[in-house]
Structures are given as C-alpha cells and as structure tokens.
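Asks: I have a structure here, written as structure tokens, and I will follow up with some questions on it.
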Amino acid sequence: MTSKTLVQVKHVSKEFKVKKRFFSSTSKSQATVKAVRGVSFDVFEGETLGVIGESGCGKTTLGRILVQLISASEGEINYSGIPEGMFRQKVQMIFQDPYSALDPRMSIYRSLEEPLRIANKLTPEERLYLVRSMLEQVGMDPEDMERYPRSFSGGQLQRICIARTLLTNPMLVVCDEVVSALDVSIQSQILNLLNELKLRNQLTYVFISHNMSVIQHMSDRIAVMYFGSVVELGTKQAVFERARHPYTQILMSAVPQVSAKRAEIKPPLVTGELPKSTDEIQGCAFQSRCPYATAICAEQNPALLSQEEGHFVACHHPLD
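Numbered according to our numbering, the sequence shown spans residues -4 to 315.
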C-alpha cells in the first residue's frame, strides 16, 4: 500500500426530502433526512478503507455518492488518480444483494458482456475471452455462462457480480455489505477472494460493513460512522487497539475476544436513544447516549482532530 491519494472526500453531505406521515404535528408535508453530514477523508491507492457503523448511519449513502450513483448535496469528491472521462469504468460498486443485482432475464454472459460492449471497442471474440477469463478468476466455470441467475446460489451470484465489476479494470471498488446476505460458511470464501483479486488486479477498496470482525479482516484503515458523520478514523491497529471514541468502543465490545486482556476492557454504558434522522442536532450527535457527555457536548459539534499520527477522533473527551 502506498500513501498516494486516489480519492479526496471534502465536507460531503447528503439530504433527502421525504413525505411526512399523515398525522404530522406540523403543516409541512415534507421533512429533510440528513443521511451524510460533512464527511471528509482520503482514500489511498492500494488500500482497503473499511467503513463501519450501525444501520442508518449513512455508510451506504456515502458509498453511492463515491461512485456517483447519487450526487452530494454539499461538498466535493476529487478523484485525483482517475483520468477525466474514464470515471464510469474506473469506479465500480459491488452491491449487498446479488439476487437483485443481476437481471433475471439475461444470461450470465449477457450480464457480464454488456459493460464491455458499452465501455470498450472490442470484438465479440475479445469480449467472450475476457468474460471467460474473469469467471475463471472468481472461481466460476465459464461453461455455465449461458445459464440464468436463478440457477445459482447466493455465493455463486456474488462471485458473478464481482466478475462483472472487475471486467472494466476499475481503480476503486466500493463493496457495500457484500457478504451480509450470504451464509456464514460462504462469507470467508468471498472475503478471501476479494483480497486475492485486490492484489492480482492492483485494486483499491472502500469496504462498507456493520460487522466489526469482517472490517478487521479486510481493512488497512477504518472510518467509524455515527449518525452521518465520521467519528473516528485510523489504521486498523490504532482503532482496534486504541479506540478513542466511546461509540467505537461500544462497537468493539460486540467483537468476540480471544485475548483475556481485551475481554477485560469494559465498554461505556450506553443510555438514551438514537436521534431521529430528521432532527436538527445541537452539539455532538452522540451526547444523548454517551456517559462522558458534559455541557460542551451539548453546545459544540466536535471536529475530527488528530490524536496521534494518522488517528483522528471527533470527541470533546477522547478516551485513553
């Protein structure tokens, strides 16, 4: 892994307008959901940046913004290592549900051949060769490419989706909960495959998951998201060995510990409730659940500041 910056995310926010329920206490028919709130970070070439957080924290929305499936409401993303005009080929996404990611009316070959036909001026013979080669790379039998998605298991379909993603030779791949819909027995196979393909094809991953064990296995650095914001960012070692944000420590407590020393670490006691996504937050969004909250936490939103080299925490009272 190098320290060359591939993607710069600067103060990115995303808002959605949603209809209010029929029995709303206000006259307005729409509410604003703030899914992502002022997120900034860099993605380095050749790394896997893990993005972790509970459901609703904005991590999937952030991933979709990175590949420009949706646009940001505020902020900007600079793809410094990707040539202008080649964005759609060089940034790709693997989705959570492989069953819905493939058109059931199209054979596997047609699903994989289509992006090549759109993106490249290749002959039919060249496209056939590339599809067969990529299916072999992901552990699938090329002889099955005329079959339809209904003929395959979930793990096989995810391998096919991975093959389709890599056919255009991307530089950045956003993996959105790619094993959460699979049996536990299959998950490790897919994760190991992704690591093998990363080395073989010189890929960079943004790996989104709610599973801390999966993030630990896959990531070089980790961004912890809470309520649309990044609250901790650092190397895997820093986050797992020296977590400084109370929310990160709570996530860490959900990971089974083999080490007796790690098992002795008691997570902070969580109280209160998660704010609503339509709420206007004054101060720190975690204050209502944090046992260490003080007056300043209710008044000022903490900035993501460096605690040590490469380790950033957004907390007024970072833990030791």
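For every residue, glycine included, the Cβ atom is placed at its ideal position computed from N, Cα and C.
#1: Is it buried or exposed for GLU42, if we count other Cβ within 10 angstroms and need 16 for buried?
#2: Find out if the Cβ-Cβ distance for the pair VAL225, TYR242 is shorter than 8 Å.
#3: Please go through the stretch 119 to 182 and give each complete alpha helix (DSSP H) segment of 4 or more residues, from N-terminal end onward.
#4: Do the stretch 49 to 63 and the stretch 301 to 310 meet, that is, are 3 or more Cβ pairs less than 8 Å apart?
#5: Could you check what DSSP says for THR273 in three-state terms: helix, strand or coil?
#6: Starting from LYS54, follow the alpha helix (DSSP H) in both directions and report where the run begins and ends.
#7: Less than 8 Å separating the beta-carbons of CYS52 and GLY229?
#8: From THR122 to LEU194, what does the alpha carbon distance come to, in whole angstroms?
#9: May I ask you to list the residues that DSSP assigns as paired with THR289?
#10: Indicate the three-state DSSP secondary structure (helix, strand or coil) for LEU198 in the structure shown.
#11: If you follow the alpha helix (DSSP H) that TYR221 is in, where does it begin and where does it stop?
#12: Is the stretch 93 to 104 touching the stretch 141 to 161, taking contact as three or more C-beta pairs under 8 Å?
#13: Could you spell out where the alpha helix (DSSP H) holding LEU111 opens and where it closes?
#14: Would you say ALA288 lies against chain C (beta-carbon separation less than 8 Å)?
#15: Taking the Cβ atom as the reference point for each residue, do MET166 and GLY76 lie within a distance shorter than 8 Å?
#16: DSSP on HIS212, reduced to helix/strand/coil?
#17: Buried or exposed: where does PRO119 fall if 16 or more other Cβ atoms within 10 Å of its Cβ makes it buried?
#18: Between MET213 and LEU186, how many whole angstroms is the CB-CB distance? I'm expecting something under 8 Å.
#19: Could you give the DSSP three-state label for GLU227: helix, strand or coil?
#20: For a test of the three-state rule: what should DSSP assign to ARG83, helix, strand or coil?
#21: Tell me the residue span of the alpha helix (DSSP H) that contains ILE65.
#22: Is it buried or exposed for ILE157, if we count other Cβ within 10 angstroms and need 16 for buried?
#23: Between the Cα of PRO110 and the Cα atoms of PRO297, SER146, ARG159, which residue gives the shortest distance?
#24: Alpha carbon to alpha carbon, what distance is there between LEU162 and TYR124?
#25: GLU275: which of VAL28, SER8, PHE11 sits nearest, CA to CA?
#26: Do ILE47 and HIS205 have their C-beta atoms closer together than 8 Å?
Replies: Based on what the coordinates show:
#1: buried
#2: no
#3: 119 to 132, 149 to 161
#4: no
#5: coil
#6: 54 to 61
#7: Not a contact, by the Cβ cut-off of 8 Å.
#8: The sequence shown places Arg at residue 122, rather than the Thr named in the question. Distance between the alpha carbons of ARG122 and LEU194: 23 Å.
#9: Paired residue(s): none; THR289 is not in a bridge.
#10: coil
#11: Run containing TYR221: none in the alpha helix (DSSP H); it sits in the beta strand (DSSP E), 216 to 221.
#12: yes
#13: 103 to 114
#14: No chain C appears in this structure, which consists of one protein chain only.
#15: Cβ atoms of MET166 and GLY76: closer than 8 Å.
#16: helix
#17: exposed
#18: 6 Å
#19: strand
#20: helix
#21: Secondary structure note for ILE65: it is in no alpha helix (DSSP H), with a DSSP letter that is neither H nor E.
#22: With 16 or more other Cβ atoms within 10 Å, it is buried.
#23: ARG159
#24: Each residue's alpha carbon lies about 11 Å from the other.
#25: That would be VAL28, whose Cα lies nearest to the Cα of GLU275.
#26: yes
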